[in-house]
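Engineer: Dropping a structure here in structure tokens format, bear with me for questions.
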Amino acid sequence: MQINATLINLYHLCHRELWLHYHGIRMEHTSDTVYVGKLIGETTYRTRAGKNKQLEIDGVKIDFFDPKTRTVYETKKSNKAEAAHIAQVKFYLYLLDKNGVKGATGIIEYPELRERTIVPFQPEKDIQEIERWLADIERICSNSRCPGVIEQPICRSCSYCDFCYAGEEG
512 MQINATLINL YHLCHRELWL HYHGIRMEHT SDTVYVGKLI GETTYRTRAG KNKQLEIDGV
572 KIDFFDPKTR TVYETKKSNK AEAAHIAQVK FYLYLLDKNG VKGATGIIEY PELRERTIVP
632 FQPEKDIQEI ERWLADIERI CSNSRCPGVI EQPICRSCSY CDFCYAGEEG
């Protein structure tokens, strides 16, 4: 099973969305939130593409990597799902470490908030945790049944909201 950064991110947000996305049921094209996030990623830090490299490691694309400082840069719209963002960057750092790039760090930037979060990688702790995520993602996605609705506040802004709550009395 090919696990990418999107699946890592979704694993930390909603197992139902993870399962749906993995099985090809995609709703992101209907979401203004997703569109705005992509726009921010494409229009912020315009000089970054010239200074950094896009890497593909084990089938996973890292958009911005500075090989001189061994830093992964990730741009996000909001910090509301920061734990999922950190997990995504730690996954990138895990892949780099696994492929011989030791001592890399990550930075998550939230340009609209003018904030950034430093994401260190601690191999002795992080490798085991990430490998548990990978095993759990495989278990969830291999299941023939879709996980249930999580009914959290984040659901209201999710691109899958209408799909998940179709037929619900509201």
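Residue numbers (my numbering): 512 to 681. All C-beta atoms in this analysis are idealised placements derived from N, C-alpha and C, irrespective of residue type, glycine included.
#1: Straight-line CA distance for E626 to E620?
#2: Can you tell me whether S542 is helix, strand or coil according to DSSP?
#3: For I641, which residues in the same chain have their Cβ closer than 7 Å to its Cβ, ignoring the five residues on either side in sequence?
#4: Of all the alpha helix (DSSP H) runs that stay within the bounds of the stretch 600-665, which reach a length of 4 or more residues?
#5: V583 to M538, Cα distance in whole Å?
#6: Straight-line CA distance for W530 to S670?
#7: DSSP three-state call for Q513: helix, strand or coil?
#8: I'd like to check one pair, P658 with H526: are the Cβ atoms closer than 8 Å?
#9: Let me know the secondary structure DSSP gives Y676 once reduced to three states.
#10: Report buried or exposed for I629, applying the criterion of at least 16 other Cβ atoms within 10 angstroms of its Cβ.
#11: For Y682 and A595, I'd like the C-alpha separation in whole angstroms.
#12: Just the Cα atoms here: how many angstroms apart are F576 and E649?
#13: So for Y671, helix, strand or coil by DSSP?
#14: If you draw a straight line from the C-alpha of K564 to the C-alpha of A677, how long is it?
#15: By a C-beta neighbour count over all protein chains shown, 10 Å radius and 16 as the cutoff for buried, is Q633 buried or exposed?
#16: If we call anything under 8 Å between Cβ atoms a contact, is R581 one with G614?
Structural biologist: Reading from the atomic positions:
#1: Taken atom to atom, the span from the alpha-carbon of E626 to that of E620 is near 6 Å.
#2: Low confidence applies here, because S542 scores a pLDDT of 47, under 50, leaving its location unreliable; read the following figure in that light. Here S542 sits in coil by DSSP.
#3: K601, F602, Y605
#4: 634-653
#5: So the alpha carbons of these two residues sit roughly 27 Å apart.
#6: If you take the alpha carbons of W530 and S670, they lie about 14 Å apart.
#7: coil
#8: yes
#9: coil
#10: I629 should be labelled exposed.
#11: The chain is shown from 512 up to 681; residue 682 falls before or after that span and cannot be answered.
#12: 27 Å
#13: It is coil, neither helix nor strand.
#14: Answer to the nearest angstrom: the Cα atoms are 42 Å apart.
#15: By the neighbour-count rule (16 or more Cβ atoms within 10 Å), Q633 is not buried but exposed.
#16: Their beta carbons are under 8 Å apart, which means R581 touches G614 by this criterion.
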